[in-house]
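**Student:**
2 protein chains.
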Amino acid sequence: MAKAYERIADDLRDRIRAGELAPGDQLPSETTLVGRYGKSLPTIRQALALLQAEGLIEKQHGRGNFVRKPRTQVRRTNLRHEWEKARARESEQERKQTGATEHDTGLDIDDLVFHAEYDQVEAGEELAAIFGVPAGTVMVERTYRTRYSAEDYPFSLVESYLVRDMVAENPALLDAANEPWPGGTQNQLHTIGIELDRIEERVLARPPAPDEAEELGLPPGTALIVLAKTSYDTTGRVVEHSFVRLPGDRTELTFVTPLERW
Amino acid sequence: MAKAYERIADDLRDRIRAGELAPGDQLPSETTLVGRYGKSLPTIRQALALLQAEGLIEKQHGRGNFVRKPRTQVRRTNLRHEWEKARARESEQERKQTGATEHDTGLDIDDLVFHAEYDQVEAGEELAAIFGVPAGTVMVERTYRTRYSAEDYPFSLVESYLVRDMVAENPALLDAANEPWPGGTQNQLHTIGIELDRIEERVLARPPAPDEAEELGLPPGTALIVLAKTSYDTTGRVVEHSFVRLPGDRTELTFVTPLERW
DNA sequence: GAGTGGTCTAGACCACTGT
DNA sequence: CAGTGGTCTAGACCACTCC
Numbered sequence: 205m206a207k208a209y210e211r212i213a214d215d216l217r218d219r220i221r222a223g224e225l226a227p228g229d230q231l232p233s234e235t236t237l238v239g240r241y242g243k244s245l246p247t248i249r250q251a252l253a254l255l256q257a258e259g260l261i262e263k264q265h266g267r268g269n270f271v272r273k274p275r276t277q278v279r280r281t282n283l284r285h286e287w288e289k290a291r292a293r294e295s296e297q298e299r300k301q302t303g304a305t306e307h308d309t310g311l312d313i314d315d316l317v318f319h320a321e322y323d324q325v326e327a328g329e330e331l332a333a334i335f336g337v338p339a340g341t342v343m344v345e346r347t348y349r350t351r352y353s354a355e356d357y358p359f360s361l362v363e364s365y366l367v368r369d370m371v372a373e374n375p376a377l378l379d380a381a382n383e384p385w386p387g388g389t390q391n392q393l394h395t396i397g398i399e400l401d402r403i404e405e406r407v408l409a410r411p412p413a414p415d416e417a418e419e420l421g422l423p424p425g426t427a428l429i430v431l432a433k434t435s436y437d438t439t440g441r442v443v444e445h446s447f448v449r450l451p452g453d454r455t456e457l458t459f460v461t462p463l464e465r466w
Numbered sequence: 205m206a207k208a209y210e211r212i213a214d215d216l217r218d219r220i221r222a223g224e225l226a227p228g229d230q231l232p233s234e235t236t237l238v239g240r241y242g243k244s245l246p247t248i249r250q251a252l253a254l255l256q257a258e259g260l261i262e263k264q265h266g267r268g269n270f271v272r273k274p275r276t277q278v279r280r281t282n283l284r285h286e287w288e289k290a291r292a293r294e295s296e297q298e299r300k301q302t303g304a305t306e307h308d309t310g311l312d313i314d315d316l317v318f319h320a321e322y323d324q325v326e327a328g329e330e331l332a333a334i335f336g337v338p339a340g341t342v343m344v345e346r347t348y349r350t351r352y353s354a355e356d357y358p359f360s361l362v363e364s365y366l367v368r369d370m371v372a373e374n375p376a377l378l379d380a381a382n383e384p385w386p387g388g389t390q391n392q393l394h395t396i397g398i399e400l401d402r403i404e405e406r407v408l409a410r411p412p413a414p415d416e417a418e419e420l421g422l423p424p425g426t427a428l429i430v431l432a433k434t435s436y437d438t439t440g441r442v443v444e445h446s447f448v449r450l451p452g453d454r455t456e457l458t459f460v461t462p463l464e465r466w
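As you go down the protein sequences, you meet chains F and L in turn.
Going by our numbering, the first sequence opens with residue 205, and the numbers climb by one from there.
Going by our numbering, the second sequence opens with residue 205, and the numbers climb by one from there.
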């Protein structure tokens, strides 16, 4: 015989899938469910915890339990890098049309809410090793948050790093007021004579820290996809590195690898 | 004031990190912990559930709770595709030396336990769409399981598909007895005159189904990384597709994107 | 059979949200 | 304030593992 909390979860799951409970709807209160299923509160809560881990429902303290709305998928291709490179030398007029995110998602620029902050920090061990500079080197830290205007949570948390002395040549690159910068990072680097040769991306999945779960609106149990991106210029030097944190339940990454012809 | 179960989890976490409890060690029994922390069993269990979700401990029904051993990381690069392509035309002698997995992991072929099964199945909607063939087309389904000889669980679950009529030209390709095939899939395809042009990989993370969690030895709460890989030949046709399921807690994928020079 | 974790109960009390 | 979910207790009984 199946366990009680599983049977209850199955029943509720069926009702959600059948549309009996629509996205956004509030579930019956936990005490109501106690009566309906004839099981104790902890058992009911165990069933709800299961559904929450599956991302089917959302618990809101003091308000109730709700059926989660399916969220817009986030897609991201490595083709964007070549696309962005091609645009890095175009006129500002042309660059202003769309950014890489709109290119990926197919959305209009008006559908996105964009937030950027710049800061200067000293490189720790990890960053210093990546850039091949001494620890303590001053870096420009750029923090980005982007979300759909119709949704509450950002779909990515980005921290991007540059070596300050390398980019200080163009003071505009030190000021967040110039964001969103038409043409993106590759154009920014182009203004100081840097051309990218290749981009390396490392992908892994890990459980989110509580603050990350909160900021991205992740249901407990949902993984975070961490993408560490390193950009190399044509001299083989690391010129930019960023950490991109993406919600695992709505992100799809695509990588195309062209092969040399025989 | 912090919640009781969080304080208990923090304390146990510290002890594990401090090495007071070493990997593989058994934790004190739950009833012992009840006495030590002066809290009830459910509270203790809530704390342990937290640590389990973080992948720090492993619960074994009827045996006890144990500190998890860190598992060997699995690394995989898209550079393997180019490397495999270059080897596809080499002599069998050379191809036998090492496979792509050893290339990725840096391990010897003797450290790996390899298992392959072949089957013939009819294409469902999804596969048919990917290959651009009618649903019901007969496919060769190849199932691979690979693990380190020193560990209990495989580090990847792979299902690879080919169109049977396309590969039947070389009957050796229909027989699992020829696995592990020196030179891998690219060499197999080479024997029937197929050259790959590019490989597309889609990556996403999702919670594992119970059977997947069991087969990979995943702690509850750990995500599964799913990599869907599509190979295109030089005529633009899809010639192979595989689904690779990887444990999220030990996998790192790297993708290098070379950019065209200005 | 002894010892372990897994499920479940009935109920107290706290914390948050809305009116 | 009423209504909701969150934490915690004390204890019963079941299921699994190992000797």
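Glycine included, C-beta positions come from ideal geometry on N, C-alpha and C.
Compute the Euclidean distance between the alpha carbons of leucine 237 of chain F and leucine 245 of chain F, then round it to the nearest angstrom.
**Tutor:** Straight-line Cα distance between these residues: approximately 8 Å.
**Student:** When the Cα of glycine 159 of chain F is compared with those of F:Ile212, F:Thr426, F:Ala372, which residue comes out closest?
**Tutor:** Absent from the structure is residue 159 of chain F, since the part of chain F shown begins at 205 and ends at 466.
**Student:** Name the chain L residues that come within less than 9 Å of leucine 255 of chain F, Cβ to Cβ?
**Tutor:** Those within 9 Å of leucine 255 of chain F in chain L number zero; the least Cβ separation is about 12 Å.
**Student:** For arginine 346 of chain L, count neighbouring Cβ atoms within 10 angstroms of its own Cβ and tell me buried if that reaches 16, exposed if not.
**Tutor:** Flag for arginine 346 of chain L reads buried.
**Student:** Kindly say whether arginine 465 of chain F, judged by its beta-carbon, lies nearer than 8 Å to any beta-carbon of chain L.
**Tutor:** Chain L contact via Cβ: present.
**Student:** Could you tell me whether any Cβ in chain F is nearer than 8 Å to the Cβ of aspartate 401 of chain L?
**Tutor:** By this cut-off, aspartate 401 of chain L is an interface position.
**Student:** In this structure, what does DSSP give as the bridge partners for aspartate 437 of chain F?
**Tutor:** F:Leu400, per the DSSP bridge assignment.
**Student:** On the DSSP bridge assignment, give the partners of glycine 268 of chain F in chain order.
**Tutor:** Paired residue(s): F:Gln264.
**Student:** Figure out for me which residue from F:Phe270, F:Arg219, F:Ala226 has the closest Cα to the Cα of glutamate 234 of chain F.
**Tutor:** Glutamate 234 of chain F has its Cα closest to that of F:Phe270, out of F:Phe270, F:Arg219, F:Ala226.
**Student:** Comparing the CB of glutamate 210 of chain F with every heavy atom of the ligand NAD, is any distance shorter than 7 Å?
**Tutor:** Looking for the ligand NAD in the displayed structure turns up nothing, as the structure carries no ligands at all.
**Student:** Show which residues of chain L have a CB atom less than 7 Å away from the CB atom of glycine 425 of chain F.
**Tutor:** Residues of chain L passing the Cβ test: Pro411, Gly425.
**Student:** Short check: CB of glutamate 405 of chain L to CB of leucine 377 of chain L, under 8 Å?
**Tutor:** No, Cβ-Cβ distance for glutamate 405 of chain L and leucine 377 of chain L is not below 8 Å.
**Student:** Give the secondary structure of threonine 276 of chain L by DSSP, where H, G and I count as helix, E and B as strand, and everything else as coil.
**Tutor:** Looking at threonine 276 of chain L - three-state DSSP - the assignment turns out to be coil, as it is neither helix nor strand.
**Student:** Label glycine 228 of chain F either buried or exposed according to how many other C-beta atoms from any shown protein chain fall within 10 Å of its C-beta, with 16 as the threshold for buried.
**Tutor:** Exposed is the call here.
**Student:** Please identify, using Cβ separations under 8 Å, the residues of the region 429-463 of chain L that lie next to chain F, in order along the chain.
**Tutor:** So the close ones are Ile429, Thr438, Gly452, Asp453, Thr455, Glu456, Leu457, Thr458, Phe459, Val460, Thr461, Pro462, Leu463.
**Student:** Where does aspartate 314 of chain L land, buried or exposed, given buried means 16+ other C-beta within 10 angstroms?
**Tutor:** So aspartate 314 of chain L ends up on the exposed side.
**Student:** In whole angstroms, what separates the C-alpha of glutamine 301 of chain F from that of leucine 408 of chain L?
**Tutor:** Answer to the nearest angstrom: the Cα atoms are 30 Å apart.
**Student:** What three-state label does DSSP hand proline 423 of chain L in the structure shown?
**Tutor:** Coil at proline 423 of chain L, not helix or strand.
**Student:** Is the Cβ of arginine 406 of chain L closer than 8 Å to any Cβ of chain F?
**Tutor:** Yes, arginine 406 of chain L lies at the interface with chain F (some Cβ there is under 8 Å from its Cβ).
**Student:** I think leucine 463 of chain F touches histidine 285 of chain L, with their Cβ atoms under 8 Å apart; what is that distance to the nearest whole Å?
**Tutor:** Indeed, because the Cβ distance is near 6 Å, the residues count as touching under 8 Å.
**Student:** Return the bridge partner residues of arginine 410 of chain F from the DSSP annotation.
**Tutor:** Beta-bridge pairing links arginine 410 of chain F to F:Leu428.
**Student:** Compute the Euclidean distance between the alpha carbons of glutamate 444 of chain L and threonine 434 of chain L, then round it to the nearest angstrom.
**Tutor:** So the alpha carbons of these two residues sit roughly 6 Å apart.
**Student:** Just checking my contact of arginine 449 of chain L with leucine 422 of chain L at CB under 8 Å: how many whole Å lie between their CB atoms?
**Tutor:** Actually they do not touch by this definition, with Cβ atoms about 10 Å apart.
**Student:** For tyrosine 322 of chain F, which beta-bridge partners are listed by DSSP?
**Tutor:** Tyrosine 322 of chain F pairs with F:Arg346.
**Student:** Throw me the rounded Cβ distance for the glycine 388 of chain L and alanine 304 of chain L pair, which I believe falls under 8 Å.
**Tutor:** With a Cβ gap of about 5 Å, glycine 388 of chain L and alanine 304 of chain L count as contacting.
**Student:** Name, please, each residue of chain F whose Cβ falls closer than 7 Å to the Cβ of glutamate 286 of chain L.
**Tutor:** Going along chain F in sequence order, the residues near glutamate 286 of chain L (Cβ under 7 Å) are Leu463, Glu464.
**Student:** So, is glutamine 256 of chain F buried or exposed, given that buried needs 16 or more other C-beta atoms within 10 angstroms?
**Tutor:** It is buried - the Cβ of glutamine 256 of chain F has at least 16 other Cβ atoms within 10 Å.
**Student:** Spell out whether any CB of chain F is found under 8 Å from the CB atom of glutamate 419 of chain L.
**Tutor:** No, glutamate 419 of chain L does not count as interfacial toward chain F.
**Student:** Quick one: which residues of the region 295-317 of chain F get their C-beta closer than 9 Å to a C-beta of chain L? List them in chain order.
**Tutor:** Per Cβ criterion, the list is empty.
**Student:** Roughly how many whole angstroms lie between the Cα atoms of leucine 400 of chain F and arginine 280 of chain F?
**Tutor:** Cα-Cα distance, rounded: 19 Å.
**Student:** By Cβ distance below 8 Å, which residues in the same chain neighbour serine 353 of chain L in space, the five residues on each side in sequence not counted?
**Tutor:** Around serine 353 of chain L: Asp314, Asp315, Leu316, Val317.
**Student:** Show which residues of chain L have a CB atom less than 8 Å away from the CB atom of asparagine 282 of chain F.
**Tutor:** Within chain L, the residues near asparagine 282 of chain F are Phe459, Thr461.
**Student:** Just to make sure I have the definition right: I need the residues of chain L whose C-beta is within less than 9 Å of the C-beta of lysine 289 of chain F. Which are they?
**Tutor:** Neighbours of lysine 289 of chain F on chain L, chain order: Leu463, Glu464, Trp466.
**Student:** With a threshold of 8 Å between beta-carbons, can glutamate 345 of chain L be considered close to chain F, or not?
**Tutor:** Output row for glutamate 345 of chain L: interface = no.
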